[in-house]
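Report on one structure; see the data block that follows.
Numbering (my numbering), first residue to last: 163 to 437.
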């Protein structure tokens, strides 16, 4: 029973449960596959883990000493005619970088395995994101992400247990957007700077507050709730601004204005605010 509890079946609906780690002082990922299988899927998994920055050790089989025709691991012996694999994402007692990678990147490693399995089965792959989850992109900083989601750098660091401001491309962050509906005008503020801070256009900010001019006074309270009737959309393969606009009954220009886009180019995984 202890051996069985050591493993978990991969589930697309609950990817957090597919993670397994090893001990023994090594470093890097390994995939153990059944004697009845081939190394095609294990190698795909290791290739995808390498893309996420993990060191790939080897893919191998291991037979039962008392019967070389049977697999050493109970899980592999008793799963029937399937492509069963055991994925060891790293070593908890590694003397190198496995420990920090496991702590910070385990979700990326689990996702890499899902991607490999989809590729192996010839199925379309979607990088499903949880609610309030953001994937770090080139050029992102904690400040720019905080600004995008109307929250603070300290809040993001606290939620994600970050001890520094350093980010890595592909890193997943949990975001708790601010529910603040009002902003008090400070010295040096302009409608443009406030609109930028809350992902609004100047016209939207003026409309929210029934302003007829661009003049502000220190201490004025402005409505800045940019969440009403907006939603977040994650760009998928094949998407265009036009197709997204058609899907949500809006226009390309409205999406571009809402997201401060200068052109029509999109990146897979990019998040857009849909008005």
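A virtual CB, placed ideally from N, CA and C, is assigned to each residue, including glycine.
(message) Quick check on the DSSP output: the beta strand (DSSP E) that includes residue 221 runs from which residue to which?
(response) 218-222
(message) Going by the DSSP bridge assignment, what does residue 334 pair with across the sheet?
(response) 297
(message) Check this for me: beta carbons of residue 191 and residue 251, under 8 Å apart or not?
(response) yes
(request) Locate the alpha helix (DSSP H) running through residue 440, then write down its first and last residues. (result) Beyond the ends of the chain as shown, which are 163 and 437, falls residue 440; an answer cannot be given.
(request) Give the straight-line distance between the Cα atoms of residue 220 and residue 278, rounded to the nearest whole angstrom. (result) 16 Å
(message) For residue 382 and residue 346, I'd like the C-alpha separation in whole angstroms.
(response) 6 Å
(request) Would you identify the three-state DSSP class for residue 196, choosing helix, strand or coil? (result) coil
(message) When you compare the CB positions of residue 298 and residue 331, do they come within less than 8 Å of one another, or not?
(response) yes
(request) Ignore the nearest five residues each way along the sequence and tell me which others in residue 442's own chain have a CB closer than 6 Å to its CB. (result) Residue 442 lies beyond the residue range present for the chain, which begins at 163 and ends at 437; the question has no answer from this structure.
(message) Under 8 Å, with one C-beta from each stretch per pair, do the segment 242-260 and the segment 308-327 reach the 3-pair mark?
(response) no
(request) Give a yes or no on whether 8 Å exceeds the smallest Cβ distance from residue 214 to chain B. (result) The structure shown contains no chain B, having only a single protein chain.
(request) Reducing DSSP to helix, strand and coil, say where residue 311 ends up. (result) coil
(request) Would you check if the distance between the CB atom of residue 259 and the CB atom of residue 253 is smaller than 8 Å? (result) no
(message) Taking only three categories from DSSP, how would you classify residue 191?
(response) strand
(request) In the DSSP assignment, find the alpha helix (DSSP H) that holds residue 414 and state where it starts and stops. (result) 414-420
(request) To the nearest angstrom, report how far apart residue 226 and residue 238 are at their CA atoms. (result) 11 Å
(message) So residue 368 and residue 353 are supposed to be a Cβ contact under 8 Å. How far apart are they, rounded?
(response) 7 Å
(request) Below 8 Å on the Cβ atoms is my guess for residue 373 versus residue 385; work out the distance and round it to an integer in Å. (result) Actually they are not in contact, since the Cβ atoms of residue 373 and residue 385 sit about 10 Å apart, beyond 8 Å.
(request) Kindly indicate which three-state DSSP category residue 317 falls into: helix, strand or coil? (result) helix
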